Structure formats: C-alpha cells, structure tokens
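These notes concern the structure reproduced below.
Residue numbers (my numbering): 140 to 378.
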C-alpha cells in the first residue's frame, strides 16, 4: 500500500519543476511542493539502490546503500554551497548526522534483534565515529571566540574535507575486500528489477532530485522568513 502511494506521488516531482518554470507561484508554495516531491524521490533512490545491491555482493551492496542513500542530502548541500547558504549546509549536515545516529541506528538495533556480534566491525564503526567527530570540531574551534566568519574556518575546512574523503574511500576499499573474503553472493532470490532497470531508475531519480533540490534551496530563504524560522532549523528539521 505504501509503495503504491510513493509510486503515485513520484508525479509531484515533474509538477514541481513545471510549476517553477511555467507558473509564477509564491516561493513558499514552491518550497512546500518541492519538499513533498523530494520524499518519493528519496524513496526511489533507496529502492533502486537496494535492487542494484541485490545483484552484487554484500560488500558492494553496502557501499551502494551508504553512498547513494545519502544522495538527496548531498545534492542539497552542494547546491546550497554553490548559492553561498552556509547555514543551510550546516543544518542539512547536522540533521543528516543526527537522524542517522539516532533514528536509523536505533531502528536497526530494535529491528535487528539479538545475534552474533562482529566485534571488529563494531570497533571500526565507533572509531570512525570518533574520528569524524574530531574532524568536525577542528574547523569549529576558531569560531569559539564569537566570530564565526574568520578566514581560518574556510582555510581549515578544505584539508579536513580532504582527510574525511580519503578516509571514507580507504575504509570503503578495506570493507569491500573484507566482505568479499568472508561472504559469497546469494542467488536464492531473483528480484523483480533487473540490474539495468535499477541503474536507470537510480539515474533518473538522481537527476530529478537535482532539479527539485535546486528549487527547494532557492525558495528556502523566503520560506524561513515567512515562517519565522531560522535557515539552520529549516535545513536541519524539515529538509
């Protein structure tokens, strides 16, 4: 039932793009429509990623889920950076981190039940969490004097971003090698989506998300002003 509703609401995305270019709607309305359009698009990206992962091993499948599962947040952050909306980027990252650490992790722990614990993976995850926390704090330290616009913030953000990206690639490469050595792909079930269909759906959903996210970011400032909310709050909670 829910899948049918999400499939039906995918039509909101082209409607949002058409209204943006063909109709002169208030930006608050554009924000609401584009935000609603992102919900089924984010679901479609996750659905296509899961179907694509079924045709690969567990290691590559996990990599696909971890990478493309955050595609909407990444696209919104990139567009916000291009528009110079730093508060939107910070809010989007904060909301994404909090939701994944609390909501997703908590739901996984509750639904997963009791089972054999992979100690190495657990220690690796906790180590990565601590490492990422320290890296996030480094560019924030210079702002503790009350001036968040110091040049040192931008100067420190670039090397920290490079270190985090290299760390992500290194851990991903290591995890893929480890999983490929311990697991064998299962051929028990054949999913309804072929690998080609999943990739096409993933590509189309990602492109549509880019268009809708551009409309969302462009109307976020006006919406936050009309609603009496800060851009950080809107990005962290709503977006």
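Glycine is no exception: its CB is placed at the ideal position from the N, C-alpha and C atoms.
The structure displayed is predicted, hence computed values, not measured ones.
Residue 353: which of 309, 259, 266 and 160 sits nearest, CA to CA? 160
Close-in-space but distant-in-sequence residues of the same chain around residue 144 (CB under 7 Å, 5 per side omitted): none
Return the first residue and the last residue of the alpha helix (DSSP H) that residue 349 is part of. 334-366
Mapping the DSSP letters down to three states, classify residue 146 as helix, strand or coil. helix
Applying the 10 Å Cβ sphere with the 16-neighbour rule, what's the burial state of residue 218? buried
Please state if the CB of residue 176 and the CB of residue 155 are separated by a distance shorter than 8 Å. yes
Residue 224 in three-state terms, based on DSSP: coil
If you drop the 5 nearest sequence neighbours on each side, which residues of the same chain put their C-beta closer than 7 Å to that of residue 268? none
Beta-carbon spacing of residue 373, residue 359 below 8 Å: yes
Which value, in whole angstroms, describes the spacing of the CA atoms of residue 332 and residue 363? 40 Å
Per-residue DSSP class, three states only, for residue 209: coil
Counting only the same chain and skipping the five closest in sequence on each side, list residues whose C-beta sits under 6 Å from that of residue 235. 212
Neighbourhood of residue 191 by C-beta, 7 Å cutoff - its chain only, sequence neighbours within 5 removed: 203, 334, 337, 338 and 341
Please report the straight-line C-alpha distance between residue 365 and residue 167, rounded to a whole angstrom. 8 Å
Residue 241: buried (16+ other C-beta within 10 angstroms of its C-beta) or exposed? exposed
Compare the beta carbon distance of residue 344 and residue 183 with 8 Å and say whether it is the shorter of the two. yes
Taking just the CA atoms, how far does residue 153 sit from residue 280? 43 Å
Verify whether the separation of the beta carbon atoms of residue 351 and residue 173 is less than 8 Å. yes
In or out: residue 298 buried (at least 16 other Cβ within 10 Å) or exposed? exposed
Please name the residue, chosen from 224, 238 and 278, that lies closest to residue 208 on a Cα-to-Cα basis. 238
For residue 367, does the count of other Cβ atoms within 10 angstroms reach 16, so buried, or fall short, so exposed? exposed
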